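2 protein chains.
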Amino acid sequence: MAQAIRLQQASPLKASCNQCSLSNLCLPLAVEENDLDSLEDIVQQGKIYNRGEHVFDQSTPVRSCFAVKSGSIKTSIITEGGDEQVTGFFMPGELVGLDSMSSETYACTAKALERTSVCEFPVDKLEELTGKLPELQHHMYRMMSQEIQNSHQLAMLLSKNTAEERIAALLLSLSSRFRRRRMSPTNFSLPMARNDIANFLGLAVETVSRVFTRFQNQGIIRARGREVELLDVEALQVVTRDFARQGCQ
Amino acid sequence: MAQAIRLQQASPLKASCNQCSLSNLCLPLAVEENDLDSLEDIVQQGKIYNRGEHVFDQSTPVRSCFAVKSGSIKTSIITEGGDEQVTGFFMPGELVGLDSMSSETYACTAKALERTSVCEFPVDKLEELTGKLPELQHHMYRMMSQEIQNSHQLAMLLSKNTAEERIAALLLSLSSRFRRRRMSPTNFSLPMARNDIANFLGLAVETVSRVFTRFQNQGIIRARGREVELLDVEALQVVTRDFARQGCQ
DNA sequence: CTGTTACATTGACTGGTGTCAAGTATAACA
DNA sequence: TGTTATACTTGACACCAGTCAATGTAACAG
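Sequences listed follow chains A and B, in order.
Per full-length UniProt numbering, residue 1 is the first one in the first sequence, and the count goes up by one each step.
Per full-length UniProt numbering, residue 1 is the first one in the second sequence, and the count goes up by one each step.
Structure representation (structure tokens):
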């Protein structure tokens, strides 16, 4: 009932988190009606970035963390030498900036891979709110823990697996993340360039290319540019061997 | 004054966090007198593990996170296939288990590398407490963020750097962590075996051995077994090139 | 002292990936 | 639509680090 009323009141500028199809992803535990209201009070919605635009970089003072609404974001660390290390790809429903909570400046640079809209959560207000809402605090801890685990999985992938295994793992990870969003898990468009994949997985671009064509020749995938079709998911899982079946991130 | 009184009252079983020489490391922000008191109420001190004993493993239900008081701990992920991936080494003043906050079972296995004593913080009570103490909550977020950053740095090291660079980075990291504890940054004893170093850095044991002797022949270090002396810190920094000078972890 | 075990070092050889270089397809843009 | 820049693919070759195998060393029990 209260929900029905809010649905009517919702202005186009400030959509309700309740209405958001992604709320079950970015806020799975903040189920309390009141909690959601409080969250909506602090969230700044609807910011949009064009392809290639920076959401923040390592010199930006930390103000907020971001939930991807649509599009996708890549985060990377830029060293003094100018080298880049891609640390993650973030798709709708996923949170960017957890590695920078309570830092002075962001620990990485976040760049939109395509036209991307985000919800912005000011960290000071978020901290204040989590102090009042145990459920939300618990959820924050859970997501940050998950982020650490993801990064450990990535480290494992980088240190123990071959090029084929790494790429198979990434494809499976993307697949399961598309499925979560009720999109086809076998037929999707890569949001990132081969270069980003290579950098993320610690490989040369040429190696990524070669593995893609090898997979294609084996009938495991079909790839034309960024369009990918997974023809034999099981084969991909075999390639990754004991690497987490539910995806590396 | 209040402190003087507590000093007298402190029982041998329950030492005050105030007295702990590591409090500036594991609790740098919880400076409030009252906050420390509250923390002491929930912490279980003085648990001791012998070399090789598990503090927890991946099948253990999450109950607590742990601060190392003395000794050292290694954490690793064990895959279904039985492969091990070392994810970190933890020394006095550092927190173990942040990757498992709000999980069902621990995300990794923690094993004492030597005789090790820890302080145990039950996560449910810790969550409850951080809800009341904004400073402590802020500190938790900071530490978890830091853990994510560390892991990203590791991923970068694994994907972009040669064997020599990785080992130099680890030596420098250990060095700076010994310095934080007011111990010699150039003359210390490695808490872990070559095998663990190799696993952590994504190398073969033989490679680690070879690099150690190579460094030794170049006059950069002196190593006999686990005893290490850094003879030329600058040379090590040169080897790591643009990799974080303040250490990877 | 001696056998046992775990840990560490060293050498020879191999292979997966990076590098360099060239060519092709695709996207961006005027 | 043409032009250019960017992204992607493919091939040839070299090299770092893994693997296999043997030896050396330290800790420890009997």
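Beta carbons are placed, not taken as given, at the ideal position from N, Cα and C, and that holds for glycine.
Note that this is a predicted model, so its numbers are computed, not measured.
Check	Outcome
In the DSSP assignment, find the alpha helix (DSSP H) that holds I197(B) and state where it starts and stops.	R194 to L201
Which two residues bound the contiguous beta strand (DSSP E) that contains N217(A)?	Segment V205 to N217 is the alpha helix (DSSP H) holding N217(A); no beta strand (DSSP E) there.
I want to verify the contact list: residues of chain B whose CB lies under 8 Å from the CB of D99(A), in sequence order.	S145, I148, Q149 and H152
Hey, is S217(A)'s beta-carbon within less than 9 Å of any beta-carbon in chain B?	With the sequence shown as reference, residue 217(A) is identified as Asn, and Ser is not the correct amino acid for it. Not closer than 9 Å to any Cβ of chain B, the Cβ of N217(A) fails to qualify, so no.
Would you identify the three-state DSSP class for L158(B), choosing helix, strand or coil?	helix
Distance cutoff 9 Å, beta carbons only. Does E120(A) sit that close to anything in chain B?	no
When we look at the beta-carbon of A169(B) and count the other beta-carbons within 10 Å, is it buried (16 or more) or exposed?	buried
Compare the C-beta of K160(B) with all C-beta atoms of chain A and state if any pair is closer than 9 Å.	yes
What residue from G81(A), V86(A), T109(A) and G82(A) has the CA that sits closest to F66(A)'s CA?	T109(A)
Applying a beta-carbon distance threshold of less than 9 Å, which residues of chain B neighbour residue 250(A)?	The requested residue 250(A) does not occur in the structure, where chain A is confined to residues 1 to 249.
On a CA-only basis, which of K111(B), F215(B) and T240(B) is nearest A193(B)? Give me that one, please.	K111(B)
Ordered along the chain, which non-local residues of its own chain (more than five positions away) have a Cβ less than 6 Å from that of M144(A)?	L98
Could you work out which residues of chain A lie near A107(B), taking near to mean beta carbons separated by less than 8 Å?	S145, I148, Q149 and H152
Measure from the C-beta of Q237(B) to each C-beta in chain A and report whether the shortest distance is under 9 Å.	no
Is DSSP giving Q45(B) helix, strand or coil here?	strand
Nearest-angstrom Cα distance between S38(B) and E135(B)?	12 Å
How big is the Cα-Cα spacing for F215(B) and D83(B)?	29 Å
What does the Cβ neighbour count give for M156(A), buried or exposed, with the cut at 16 atoms within 10 Å?	buried
Below 9 Å between beta carbons: does that hold for T116(A) and S59(A)?	no
Measure the Cβ-Cβ separation of P191(A) and G71(A) and say whether it is below 9 Å.	yes
According to the neighbour-count rule (16 or more other Cβ atoms, all chains shown, within 10 Å of its Cβ), is G81(B) buried or exposed?	exposed
List the endpoints of the continuous beta strand (DSSP E) containing R224(B).	I221 to R224
Would you verify that the beta carbon of P134(A) is, or is not, closer than 9 Å to some beta carbon of chain B?	yes
Of the residues M183(A), L113(A) and P61(A), which one's Cα is nearest the Cα of Y49(A)?	L113(A)
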